[in-house]
Amino acid sequence: MAVLASHVDTRAERYQANRAGMLGLIAEMDGLLEQARAGGGERAITRHRSRGKLLARERIELLIDRDSPFLELSPLAGYYTEFPIGGGLVTGIGVVSGVETVILANDPTVIGGAMTQLNGKKLDRALEIARVNRLPYVQLTESAGADLRREPGDYEDELRRSIAQHFAESGRLFHDITQLSALGIPTMSIVFGSSTAGGAYQPGLSDYIVMIKERSKVFLGGPPLVKMATGEDSGDEELGGAEMHASVSGLADYLAEDEMDAIRQAREVMAHLNWRKHGYGPTQPAGPPLYDADELLGIVGPDLKVPFDVRDVIARVVDGSRFEEFKPRYGRTLVTGWASIHGFPVGIIGNNGVLFSDSSQKATQFIQLCNQHDVPIVFLQNITGYMVGKEYEQGGIVKDGSKMINAVSNSTVPHITVILGASYGAGNYGMGGKAFDTRFVFAWPNAKIAVMGPAQMAGVMSIVRRGQARAAGREFDEEEDQRIQALVIERNEKESLEFYATGRVADDGMIDPRDTRTVLGMALSAVHSNEVKGAGRFGVFRM
Amino acid sequence: MTRITRLLVANRGEIARRIFRTCREMGIDTVAVYAEPDANAPFVREAGQAVALGGSTSVETYLDIAKLLAAARRTGADAVHPGYGFLSEDAGFARAVIDAGLTWVGPHPEAIAAMGDKLAAKRIMAEAGVPMLIGVALDPDMTEAELLDHAAAVAYPVLVKASGGGGGRGMRIVREAGGLKAAVASARREAKSAFGNDAVFLERYLEGSRHIEVQVFGDKHGDVAHLFERECSIQRRHQKIIEEAPSSAVSPELRERMGAAAVAAAQRIGYDNAGTVEFLLDSAGAFFFLEMNTRLQVEHPVTESITGLDLVREQIRVAKGHPLSFSQDKLRIDGHSIEVRLYAENPAKEFFPVAGHVLAFERPSEPAVRWDSGVETGSDVSVFFDPMLAKVIAHARTRDEAALKLALALERLRIPGLVTNRDFLVNVLRGDAFLAGDTTTDFIDRIATARTKEAAPEDIRFAAVAAALAGQYERRGAAPVLQTVGSGWRNNPSAYQKVSFDGPGGVIDIEYRAASGEAFEVRAGGEPGHCRVVRCDAGVLGIELDRVRRSVSVLHDGDNWHTHDGRIELTLTERPRFPGPRTAGGDGGYEAPMPGKVVSVHVAPGDAVKDGQLLLVLEAMKMEHHITCSRAGTVASVPVAAGQQVQGGAILVVITTEGS
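Just so you know, the sequences run in chain order A and B. Residue 503 in the numbering used here sits at position 503 of the first sequence; the count goes up by one each step and never skips. Just so we're on the same page, the numbering used here is the position in the second sequence counted from 1, plus 1000.
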């Protein structure tokens, strides 16, 4: 297979500027990750530890195999929201007794590990990842249950906000946990503390439950609720203690002496599952790229208007920098070709400019070929959208863009997307956007994701307003228009940032560009837990 | 000339290998014989053929003349070399070999017989004019008073020695009358079991003397020469452990006199092969005949080093009838040679022999020394035979250089997981007393030498980091998934990997995190550091800790990590990642497994109970269930009585255990 030639001038001014900008963004990301690790803060951590308890990440570290990698998902969820960074929940993919597993751990130092809208979204995504990739699921629960706190304050504001989700729509997680079991995907709970009310079903619906003496408390209603409901006086040990569940109710399958013992037992259960992955990979030699991943920081910069050749990124991500390019001379704004990452064969689709009819057709054909050969697809996004203009509309850009989106939507090989820079409009969809059943979506910290660029949006809206004024015979207020445009640009600039998107769990996490190869390797290995099989048929391609 | 085409070695271990080596050089086919514990030993494999003698003990095997001769017949051997020890000084064996029409590679049987009886030998040597210490034979029927009289005549301290043997067995030093009777009795017992002969005699024990022996060589043409002396003063349990040639205490003039005395002794008995005349040299320079060994000595290599001769080759040549290949006046001493005997034994516990498995035996390529070893990686040291692992011989221009070179070679030898005298030997070789030539037979008692090597904190740090990272490589290499992904990779790093060991200095915790390349951030015992690793072949890690590099060999065996950095061999025991679960019943309560009736109660409060002891019998579902103790302790209470009906889960017996 051909090896990419990719030489960059590391002394060039642009390279240095890019690098400085990227390092700044990475430092910002690292600062936020540190906040996420700090959980509920020093006081809460001290109190938690004083009870002889391990922190959420410490529990995970003990659960996973020594020296194995752990990919934390959406670690910055909650950023730019009212919720703390991390959302009081740690999710990720780790190796437990040799089995790649989706792990979920409540962080009880953050509002007692209570479930909020935010960590509910994070949890739903973790369950989805377990389901679509056929990954066993282990939850390390210690949660106060639903977040019942209500700020005494602006009731009207609260009403507006709570429109987001009604109670009647909640509970899907219980459905999803038991669905995993029905699909033959093992589920396991270690109960580290209270698991009350709805929370009780979380372990209750698991295949295996490990409880810890004097620690686990699992009941539908705790003593106060029981008192309110039936007038009965009861203690929490008899209502839901581990020993009671292990010997009387039978809810607990394994009774552990302490947290360490519980984790040890969970690892043993996993070891006995006789788990076999259904994917075929890895099948290729997994040598590192020939070029230093560190150079990615100088190749791509925070200024998205500056173009870069996506091949320079590919050369620093794929095994041995080997890349067999498909149709290199046709539809040149899109790069397609075959490579492998950590030994897993992939088809790569990367942007080198705006999408035209020819590049869309090329993508459509390439996606079909990947399905023909059961090869997962990696999308490397840096896309401002599909080309607009008379020539292109008349040339059928809508038809060709539709073909591409049709192919992406109906393709059944796993898709993994990394947003390297711009991700605008339908370009996001055609290039494996989050909403298109993409198995994993990661983004670099410089990425921007929006329906269109902030300036374009402000300009478009201004033109529309101008037209409305003209139609109504109103005088157009230029000054007011300038003010609105500036506001729109400012707001959209902020909302298009990857920092904003990842705070909303709009992706699976922001990554350091230098980690791209590792993250893709882990994602590919995860998708190979399930069968990797191409689609037999697609939607009707409009010709 | 007699032809020798196939030679059987009636011995084992390193000496068998040593003789085979020369045989191969001389184009002679070889036959080994072996006892069952030696079935996989290198000497068996290296022989052209090997014959199983059947049995495990010396008496059943290497001392059984009939079996040895049968082996020679079976394989068509035409010569027998006895090695040292076992039957090497058994005139009866030599005669039997000759009677069977085979060539005996050793002196003629009469010479062996003459020197075999230590007291008779003394008489012969006295007649030849060799200086002598008084020796008194002890009749088994002697009264205690007679015994004490004899000892008084010899004068204390006296040495009780076996008439029929050597190698320090059946030998006791007695400093005053009180200990004599017991010493004689135990010497007789040991002599009987070692040599089949309980005859012992008394001899004056010279304090502060040196053990000097002269290598002699005779041929069948009446020629006898000496190959200078060896000094073998450093002994433990009356067994030599460091030998050298020449002796630092022997002047050319003394050498000539001792050599002449030894040659005279050999000539007196018509000696016609390799032999050794042993003397004691007192502090005033006077020497006394001790005994003559009518065989090749363990320590012959030091003589080979300084003379350039192959003594086994000479033995075979003279046995065939050739004259000596050298003449006395052409022999010169070339430099200095020192040999140590590496033993599986515990110097810290009175050099007590140990048995065990040789997990690895890896000799350094440098410095260049001679390794005459009986073991190799994978060998077992059995309880049946002498636990000598190897002889290591250094040859250099000067005594100092030979000693230091030998010490370095020993230090660089990798032999993990087995207790040996290596560190003690190194300490002696590097000690001021040894380097000053202050070597006497009481050296080990007189010179305080550290019996083991104390590990410095830095040694332990290197060892623990190497073991931790080797474990890390091992786990990554065995990972069923994501093997090529970075070790312990995290996109949100929160903790170091942790591993704890029990080591020589107590518990040591190692924490590490992969940095870029083959580098790790490490914390050893909480102390931060930077570590770079260069992975080499065969379990060797180049560990660079804060800019200091050591090559550490790491061997993983169960929970144990054996490390060797060319300076010190350490064993660290990895602590389990998860402490084991408490055993059932450990919390004291024994519950009824199901509802039933108590048939009988076998303990009462206050009783001490052991593991497995019957506590109570319960009848349920028409079956008798025996409730037994799962952890020793004391019965605190028995809340039930015989005949009582109990619910499932009811507490039957409460036992308090120690520490709970």
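Here a beta-carbon is modelled for each residue, glycine too, at the ideal position from N, C-alpha and C.
Pair within 7 Å by beta-carbon distance, Gly1542 (chain B) and Ser1553 (chain B): What you label residue 1542 (chain B) is simply residue 542 of the second sequence in a count that begins at 1. What you label residue 1553 (chain B) is simply residue 553 of the second sequence in a count that begins at 1. Going by C-beta atoms, Gly1542 (chain B) is not nearer than 7 Å to Ser1553 (chain B).
Among B:Val1609, B:Thr1143 and B:His1602, the one whose alpha carbon lies nearest that of Pro1642 (chain B): What you label residue 1642 (chain B) is simply residue 642 of the second sequence in a count that begins at 1. In the sequence under discussion, the amino acid at residue 1642 (chain B) is Ala, which differs from the Pro named in the question. Among B:Val1609, B:Thr1143 and B:His1602, the Cα nearest to that of Ala1642 (chain B) is on B:His1602.
Under the three-state DSSP convention, the category Ile489 (chain A) falls into: As a working note, residue 489 (chain A) is residue 489 in the first sequence. In the three-state reduction of the DSSP assignment, Ile489 (chain A) falls in the helix class, which pools H, G and I.
Chain-ordered chain B contacts of Asp515 (chain A) [CB-CB under 7 Å]: Mapped onto the first sequence, residue 515 (chain A) falls at position 515. Asn1491, listed in chain order.
Residues, ordered as in the chain, of the region 1458-1477 of chain B that lie near chain A by beta-carbon distance below 7 Å: Listed by position along the chain: Gln1472, Arg1475 and Arg1476.
Residues that Glu58 (chain A) contacts on chain B, provided the C-beta gap is smaller than 9 Å: Against the first sequence, residue 58 (chain A) aligns to sequence position 58. Per Cβ cutoff of 9 Å: Ser1494 and Ala1495.
Bridge partner(s) assigned by DSSP for Ser340 (chain A): Start at 1 with the first residue of the first sequence, and residue 340 (chain A) comes out as number 340. DSSP output for Ser340 (chain A) lists A:Pro345 as bridge partner(s).
Cys1629 (chain B) in three-state terms, based on DSSP: Taking the first residue of the second sequence as position 1, residue 1629 (chain B) is located at position 629. Cys1629 (chain B): coil per DSSP, three-state reduction.
Contact check, Leu220 (chain A) vs Gly503 (chain A), beta carbons under 7 Å: If you number the first sequence from 1, residue 220 (chain A) lands on position 220. If you number the first sequence from 1, residue 503 (chain A) lands on position 503. Cβ atoms of Leu220 (chain A) and Gly503 (chain A): not closer than 7 Å.
Pairwise C-alpha distance: Lys1391 (chain B) and Gly1585 (chain B): The residue given as residue 1585 (chain B) occupies position 585 in the second sequence. The residue given as residue 1391 (chain B) occupies position 391 in the second sequence. Below a pLDDT of 50, predicted positions are generally treated as unreliable, and Gly1585 (chain B), at 42, falls in that range; no measurement from the model is reported.
7 Å Cβ cutoff, Ala286 (chain A) in contact with chain B: Within the first sequence, residue 286 (chain A) is the residue found at index 286, counting from 1. Ala286 (chain A) counts as touching chain B.
Where Pro1457 (chain B) falls, given that 16 or more other Cβ within 10 Å makes a residue buried: The count along the second sequence starts at 1 and reaches residue 1457 (chain B) at position 457. Pro1457 (chain B) comes out exposed.
Distance CB(Ala1274 (chain B))-CB(Thr1103 (chain B)) smaller than 7 Å: Your numbering for residue 1274 (chain B) matches position 274 in the second sequence. Your numbering for residue 1103 (chain B) matches position 103 in the second sequence. No, these two residues do not count as a Cβ contact at 7 Å.
Beta-carbon proximity list for Gly1055 (chain B), same chain, < 7 Å, skipping 5 on both sides: Taking the second sequence and counting its residues from 1, the one referred to as residue 1055 (chain B) is at position 55. The answer, listed in chain order, is Ala1035, Glu1036 and Thr1061.
From A:Met211, A:Arg465, A:Phe436 and A:Pro285, residue whose alpha carbon lies closest to that of Glu259 (chain A): The count along the first sequence starts at 1 and reaches residue 259 (chain A) at position 259. Considering only alpha carbons, the answer is A:Met211.
Rounded distance between the beta-carbons of Thr1276 (chain B) and Gln1215 (chain B), thought under 8 Å: Here residue 1215 (chain B) corresponds to residue number 215 of the second sequence, with the count starting at 1. Here residue 1276 (chain B) corresponds to residue number 276 of the second sequence, with the count starting at 1. Correct: roughly 6 Å between the Cβ atoms.
Any beta strand (DSSP E) of 3 or more consecutive residues that is wholly inside the region 1175-1262 of chain B: 1200-1204, 1210-1218, 1224-1236 and 1239-1245
Rounded straight-line distance, which links the Cα of Arg131 (chain A) to that of Thr516 (chain A): Along the first sequence, read from residue 1 onward, the residue named residue 516 (chain A) stands at position 516. Along the first sequence, read from residue 1 onward, the residue named residue 131 (chain A) stands at position 131. Taking C-alpha positions only, Thr516 (chain A) is separated from Arg131 (chain A) by approximately 24 Å.
Interfacial residues, the region 69-100 of chain A to chain B, with Cβ spacing under 7 Å: Pro69, Phe70, Leu71, Glu72, Pro75, Val95, Gly98 and Glu100
Local conformation of Glu325 (chain A) per DSSP, three classes: Start at 1 with the first residue of the first sequence, and residue 325 (chain A) comes out as number 325. DSSP places Glu325 (chain A) in strand when its eight states are reduced to three.
Whole-angstrom distance between Arg1631 (chain B) and Pro1605 (chain B), CA atom to CA atom: Counting from one through the second sequence, the residue named residue 1605 (chain B) turns up at place 605. Counting from one through the second sequence, the residue named residue 1631 (chain B) turns up at place 631. Arg1631 (chain B) has its alpha-carbon roughly 16 Å from the corresponding atom of Pro1605 (chain B).
Burial state of Lys227 (chain A), where buried means 16 or more other Cβ atoms lie within 10 Å: In the first sequence, residue 227 (chain A) corresponds to position 227, counting from 1. The residue in question, Lys227 (chain A), is exposed, as its Cβ has fewer than 16 Cβ neighbours within 10 Å.
Close Cβ partners of Thr1583 (chain B) (< 7 Å) along its chain, the five nearest in sequence each way excluded: Against the second sequence, residue 1583 (chain B) aligns to sequence position 583. Here Thr1583 (chain B) scores only 45 on pLDDT, less than 50, and its place in the model is too uncertain to base an answer on.
Minimum length 4: unbroken alpha helix (DSSP H) runs contained in the region 174-228 of chain A: 198-204
Any chain B beta carbon closer than 7 Å to Gly298 (chain A): Residue mapping note: residue 298 (chain A) aligns to position 298 of the first sequence, counting from 1. Judged by the 7 Å Cβ criterion, Gly298 (chain A) is not in contact with chain B.
Among B:Lys1122, B:Asn1040, B:Asp1090 and B:Asp1607, the one whose alpha carbon lies nearest that of Thr1294 (chain B): Start at 1 with the first residue of the second sequence, and residue 1294 (chain B) comes out as number 294. That would be B:Asp1090, whose Cα lies nearest to the Cα of Thr1294 (chain B).
Any chain A beta carbon closer than 7 Å to Thr1484 (chain B): The residue given as residue 1484 (chain B) occupies position 484 in the second sequence. Answer yes: the Cβ-Cβ gap between Thr1484 (chain B) and chain A drops below 7 Å somewhere.
Straight-line Cα distance separating Gly1589 (chain B) from Gly1648 (chain B): Residue mapping note: residue 1648 (chain B) aligns to position 648 of the second sequence, counting from 1. Residue mapping note: residue 1589 (chain B) aligns to position 589 of the second sequence, counting from 1. Rounded to whole angstroms, Gly1648 (chain B) to Gly1589 (chain B) spans 13 Å at the Cα level.
Buried or exposed by the 16-neighbour rule on C-beta atoms within 10 Å, applied to Asn627 (chain A): Since the first residue shown for chain A is 1 and the last is 543, residue 627 (chain A) is missing from the structure and cannot be characterised.
Endpoints, the alpha helix (DSSP H) within which Pro1457 (chain B) is located: Along the second sequence, read from residue 1 onward, the residue named residue 1457 (chain B) stands at position 457. Pro1457 (chain B) -> alpha helix (DSSP H) spans Pro1457 to Ala1478.
Buried versus exposed call for His1336 (chain B) [16 or more other C-beta atoms within 10 Å across all chains shown]: Locating residue 1336 (chain B) in the second sequence gives position 336, counting from the first residue. The residue in question, His1336 (chain B), is buried, as its Cβ has 16 or more Cβ neighbours within 10 Å.
Test item: CB-CB of Gly1356 (chain B) and Val1381 (chain B) under 7 Å: Reading the second sequence from its first residue, position 356 is the one you call residue 1356 (chain B). Reading the second sequence from its first residue, position 381 is the one you call residue 1381 (chain B). Cβ atoms of Gly1356 (chain B) and Val1381 (chain B): closer than 7 Å.
Alpha carbon of Thr963 (chain B) to alpha carbon of Leu140 (chain A), nearest angstrom: No statement about residue 963 (chain B) is possible, as the shown extent of chain B runs from 1001 to 1660 and does not include it.
Alpha carbon of Val182 (chain A) to alpha carbon of Tyr208 (chain A), nearest angstrom: Here residue 182 (chain A) refers to the residue found at position 182 when the first sequence is read from its first residue. Here residue 208 (chain A) refers to the residue found at position 208 when the first sequence is read from its first residue. This sequence places Ala at residue 182 (chain A); Val is not what is there. Rounded to whole angstroms, Ala182 (chain A) to Tyr208 (chain A) spans 14 Å at the Cα level.
Inter-residue Cα distance where the pair is Gln1645 (chain B) and Leu1616 (chain B): On the second sequence, position 645 is the one that residue 1645 (chain B) refers to. On the second sequence, position 616 is the one that residue 1616 (chain B) refers to. Each residue's Cα considered, the two are about 13 Å apart.
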